[in-house]
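Numbering (my numbering), first residue to last: 375 to 645. The beta carbon of each residue, even a glycine, is placed where N, CA and C say it ideally should be. Keep in mind the model is a prediction, meaning the values are calculated, not measured. Here's the structure, in structure tokens; my notes come after.
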Amino acid sequence: MLNPIKINHRLVTCFQSGGRIGKSTMFEGILAWARFAEIPVGAVDCDAEHRTLSKRFPEAVFVDATRSKDEFLQLVMELPDVPLSVADFPAQATEFLLNAMESLRVLDALDAQETRLTVLMFAADDPTATASLAKTYRALGDRADYLLIKNPARFRSHAFDDSALAEVFSKNRIPIIELPTLTNTTIQKMAIASAEKKKYLTYAEASKTLSIPYICRNEIDHFLNRILVQCEDAAGVLVPDPAVIKNKVLRAKDNLTRIAIDEFNPLNIHE
């Protein structure tokens, strides 16, 4: 019997095509949870066109990893030496990424680096996103772990739930995170406050910004709390070992969670 691969690091990413499926929100949620849980975390922005992760978190390292296989290889070789890293790729890079994964034998390289890949899979009803999701699963199989993300604010149909892949995920007990929904009013107030400050406000920052109405800040706070709870529940595929979690969420008897999120920056890991 082969010895199991030792895991000291997790690389969380998404290879799925299709824009506006909720990738940026989910990455921000993972980073917020890592900071709250006191898990050392690194972020790599690989989207040269939008640089969404870099705009939200200036500490994120930018690498144009989909420009060529050389750049992609450099990314794999120089992953942050932390328990959890996230890498945000462009929305339409599925073919390039899966081809590079195969030709460069990236999964073998990650095994040698004691790193396990976790792929975010969005339960989209968009044909392009669904096709790339299935292609990703066929290419990686059980060499990677998966986290299924449901985003009711973006996808209102149940097309994925009726698919063969949904049945496979259910059989394999793939963990699920459902992104909470924010009202349009709160989203607009966040946008106005961001414009006033001339920077993108993360959800954590917005929850403390006094120019945003109190009721909207409460909604943002609840939004963050729900994400943190679900990330902790999915820790088995987000961190190499649950023992790296230093701070756990407090859960009330009614399963709602109230968490003090004052003064944390998801990527300021040196404080």
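- With a cutoff of 8 Å on beta-carbon distance, Arg490 and Asp519 are scored as near each other.
- When DSSP assignments are scanned along the region 496 to 582, the uninterrupted stretches of beta strand (DSSP E) that are 3 or more residues long and fall wholly within it turn out to be 519 to 524 and 550 to 552.
- Proximity to Asn473 across Ser585, Val460, Ser442 and Gln487 peaks at Ser442, based on C-alpha coordinates.
- Between the alpha carbons of Leu584 and Glu593 lies a distance of about 14 Å.
- Within its own chain, the residues whose Cβ lies closer than 7 Å to the Cβ of Arg528, once the five positions on either side in sequence are excluded, are Arg394, Ile395 and Gly396, listed in chain order.
- Straight through space, the alpha carbons of Lys429 and Ala538 are spaced by roughly 37 Å.
- At a cut-off of 3 residues, the continuous stretches assigned as beta strand (DSSP E) that sit fully inside the region 444 to 468 are 458 to 462.
- In this chain, the beta strand (DSSP E) harbouring Gly416 covers Val415 to Asp419.
- A Cβ-Cβ separation of about 5 Å places Trp407 in contact with Leu602 under the 8 Å criterion.
- Separation of Pro414 and Asn621 (C-alpha to C-alpha, rounded to the nearest whole angstrom) is 12 Å.
- In the DSSP assignment, Phe431 forms no beta bridge with any residue.
- For Asp500 against Phe401, the beta-carbon gap comes to about 19 Å, at or over 8 Å, which does not count as contact.
- DSSP places Thr440 in the coil class of the three-state scheme, outside both helix and strand.
- By the beta-carbon neighbour count (other beta carbons within 10 angstroms, threshold 16), Ile589 is exposed.
- A distance of 8 Å or more separates the beta carbons of Thr492 and Val618.
- The continuous alpha helix (DSSP H) containing Val603 extends over residues Tyr588 to Asp607.
- Cβ atoms of Glu445 and Asp455 stay farther apart than 8 Å, at about 20 Å.
- Straight-line spacing of the CA atoms in Leu514 and Pro614 works out to 19 Å.
- Under the three-state reduction of DSSP, Leu472 is assigned to helix.
- For Asn525, the CB contacts under 6 Å within the same chain, skipping 5 residues up- and downstream, are Gly396 and Leu553 in chain order.
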